[in-house]
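Report on the structure given below.
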Amino acid sequence: MTVRTRFAPSPTGYLHVGGARTALFNWLFARAHGGVFILRVEDTDEARNTEEARQAIFDGMGWLGLDWDEGPGAGGDCGPYFQSERKSIYDTWFAKLQAAGRVYEDGGAWRFRFERKPVTMRDLVCGEVTIDYRDESNTPDMVVRRSDGSYVFHFVNVVDDLEMGITHVIRGEDHLMNTPKHLQLIEALGGTAPQYGHIPLILNPDGSKMSKRDVGAAVGDYPRQGFLPAAVVNFIALLGWSSKTDEEIFDMAGLVERFSLEGVNRAPARFDAEKCKWVNQQHLAKLDAAEFAAKAEVFVREAGLPVPENFAAVAAAVKEKVRLLGEVPAAVDFLLTDTVEYDPEVVAKVAGNSTAAGLLATLADALREQAEPVDAEAAKDALKAVAAAAGVKPGALMFPLRAALSGRAHGPDLGEMIVLLGKDRCAARIQCLSEKLTAPA
RNA sequence: GACCCGUUCGUCUAUCGGUUAGGACUCCAGAUUUUCAUUCUGGCAAGAAGGGUUCGACUCCCUUACGGGUCGCCA
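Heads up: the first sequence at position 40 corresponds to 40 in the numbering used here, and the numbers run straight through without jumps.
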């Protein structure tokens with residue numbers, strides 16, 4: 001029997017990380033078992049469904065790389081994959097419930113009559129859980145068909161899982177108490193229940209429930225911040241799942257290889273934006289130079305900055321310094337334009353150094369006379385020569401020069417900066433900073 | 001309120017009765033980079049509480065506390 005899993009979102013908002021992780025775990029489980037992953041859109045609540053939300057789900061899953069074998073745009077033998085188009089199927093199954101005498105009318109709606117007995121499930125994550133349906137006050141008969149003739153979630157969800165041959169249902173823990181209801185429905189329908197695994201929810205850093213408006217919640221926000229899909233997938237997989245090894249950085253193939261439900265935790269995990277960025281940095285560092293440059297270029301253009309001939313070299317200079325692609329423009333802007341924004345604090349720091357002004361002047365003169373440096377090492381060798389001639393340690397030149405060239409305290413390697421800028425621009429910037437020092441604002 | 005699930009460093013986690021309770025993020029210190037970052041090394045930091053069971057409990061059982069979830073003609 002081949003494994004068949006599904007992700008069944010309702011298009012009522014943007015795809016959030018909790019939903020994305022549910023989709024991911026179902027996808028990983030299917031891929032790890034050579035199974036089939038299905039996308040089914042649970043759009044029975046006409047009033048709350050929106051086209052934008054539906055598109056956000058498709059876009060989000062596409063961006064994350066969670067491709068589906070059956071579902072919208074992918075075909076499959078169990079369609080249609082939109083619940084709003086499956087009314088006649090539900091009618092057929094509902095008739096079975098009526099024939100079996102398991103439903104009764106109540107105010108125009110139809111309720112499913114639970115069997116009053118303890119219901120035990122063997123959850124793939126939580127283990128054995130029993131809910132006692134003899135306690136009727138805690139488990140009132142549920143409505144399966146509304147007075148307007150439409151069907152509610154519990155019914156359509158169960159029917160579709162049966163119709164689509166779903167073998168494993170991996171869903172959020174918020175569905176744990178729904179499962180005995182579904183099991184009862186399946187029994188009444190004469191179907192074979194899939195196996196269930198309930199994964200813990202994702203919480204905010206303060207422990208509150210993560211909802212759609214919280215930081216990091218919307219999957220749609222990640223691309224424009226410069227996260228890599230593989231990094232986001234890696235990070236959310238780590239929220240509630242462990243490979244049980246010391247390894248933490250995995251690409252998609254690595255996750256598929258290692259994923260198992262045994263590694264899923266029972267306690268809810270809190271979302272840690274810092275670690276998410278760190279994971280992204282690790283993935284960024286693994287990109288080869290050309291890939292990184294191509295991705296960085298998109299963000300640089302987006303920021304309205306020019307992309308010169310030597311952009312690949314510029315990108316390489318910051319590749320292992322940024323955590324997000326979105327940080328690239330601010331990290332390289334001074335290498336792409338002729339304007340430098342001098343950080344007042346940095347200027348003040350240089351001004352506070354009595355020898356800096358003299359050194360900068362010497363440096364500017366030296367640069368004008370020298371040949372264009374061929375590489376960062378040559379540039380640094382030239383610096384050392386200047387320092388030696390001036391009778392100071394090379395280290396004394398570094399900060400003032402960095403300040404002059406970039407206007408700030410942090411950035412790429414100084415030698416690289418000189419090569420990327422060219423000696424003439426370097427000399428001009430030293431001149432520029434020198435003027436600020438002698439004529440403070 | 002009733003029912004269900006859970007509880008190891010601040011956070012994510014490892015540990016399937018015997019460990020100096022390990023790793024990662026963050027933070028701090030040192031080294032390297034005659035610069036910043038990266039990197040490397042080191043450090044701070046944990047079994048919610050109380051009872052059992054056992055030669056021995058983070059691990060099994062019970063109670064309490066705390067956290068989360070569910071109790072709709074939402075999904």
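Every residue gets a Cβ at the ideal spot worked out from N, C-alpha and C, and that includes glycine. Since the model is a prediction, treat every value here as computed from it, not as a measurement.
Could you give the DSSP three-state label for residue i: helix, strand or coil?
i	result
Lys244	coil
Ile38	strand
Asp118	The amino acid occupying residue 118 in the given sequence is Pro; Asp does not appear at that position. Here Pro118 sits in strand by DSSP.
His168	strand
His16	strand
Arg145	strand
Val264	strand
Phe271	coil
Ala441	Residue confidence is low: Ala441 scores 46 on pLDDT, short of 50, so the model does not pin down where it sits. Its coordinate-derived value is still stated next. If DSSP states are grouped into helix, strand and coil, Ala441 belongs with coil.
Gln195	strand
Tyr222	helix
Ile249	coil
Asp413	coil
Glu70	strand
Thr92	helix
Val307	coil
Please determine, among the options, the residue with the shortest C-alpha to C-alpha distance to residue i.
i	options	result
Ala316	Gly326, Leu420 and Val144	Leu420
Arg116	Ser137, Gly108 and Lys96	Ser137
Lys212	Ala20, Val41 and Ile430	Ala20
Val41	Gly127, Phe7 and Leu64	Phe7
Arg48	Val125, Pro9 and Leu28	Pro9
Gly107	Gly197, Val143, Glu70 and Val156	Val143
Glu309	Ala293, Thr120 and Gly62	Ala293
Pull up the CB-CB distance for residue i and residue j, whole angstroms please, since I reckon it's below 8 Å.
i	j	result
Thr112	Leu185	The question names Thr, but residue 112 in the sequence shown is Phe. Sure, about 6 Å apart at Cβ, within 8 Å.
Pro118	Arg134	7 Å
Met252	Ala230	6 Å
Leu162	Gly207	Actually they do not touch by this definition, with Cβ atoms about 37 Å apart.
Gly216	Phe271	5 Å
Is the beta carbon of residue i less than 9 Å from the beta carbon of residue j?
i	j	result
Leu203	Ala269	yes
Asp343	Arg408	yes
Gln39	Ala188	What sits at residue 39 in the sequence shown is Leu, not Gln. No, the Cβ-Cβ distance between Leu39 and Ala188 is not below 9 Å.
Glu46	Ser84	yes
Arg122	Gln195	yes
Gly422	Glu372	yes
Pro306	Leu325	no
Val159	Tyr90	yes
Ala351	Lys319	no
Ala396	Val256	no
Who are the Cβ neighbours of residue i in its own chain at under 6 Å, not counting the five residues just before and after it?
i	result
Arg258	Ser243
Ala441	Its pLDDT being 46, under 50, Ala441 is placed unreliably by the model, and nothing is read from it.
Cys276	Phe235
Lys380	Gly415
Asp214	Asn204
In its own chain, which residues sit with a C-beta less than 7 Å from the C-beta of residue i, not counting the 5 before and 5 after it?
i	result
Ala218	Tyr14, His16 and Lys212
Arg146	Ala109 and Val152
Ala53	Pro11, Thr12, Gly13 and Tyr14
Ile430	Leu360, Leu363, Ala364 and Ala404
Pro200	Glu173, Gly240, Asn265, Arg266, Ala267, Pro268 and Ala269
Asn178	His154
His175	His198
Gln282	Ile249
Asp333	Leu305
Please return the same chain residues whose Cβ sits closer than 8 Å to the Cβ of residue i, not counting the five positions on each side in sequence.
i	result
Pro80	Arg86
Lys393	Ala387
Val36	Thr2, Val3, Arg4, Thr5, Ala30, Asp69 and Glu70
Considering only heavy atoms of the ligand GTP, does any lie closer than 8 Å to the CB of residue i?
i	result
Asp365	No copy of the ligand GTP occurs in the structure displayed, which carries no ligand at all.
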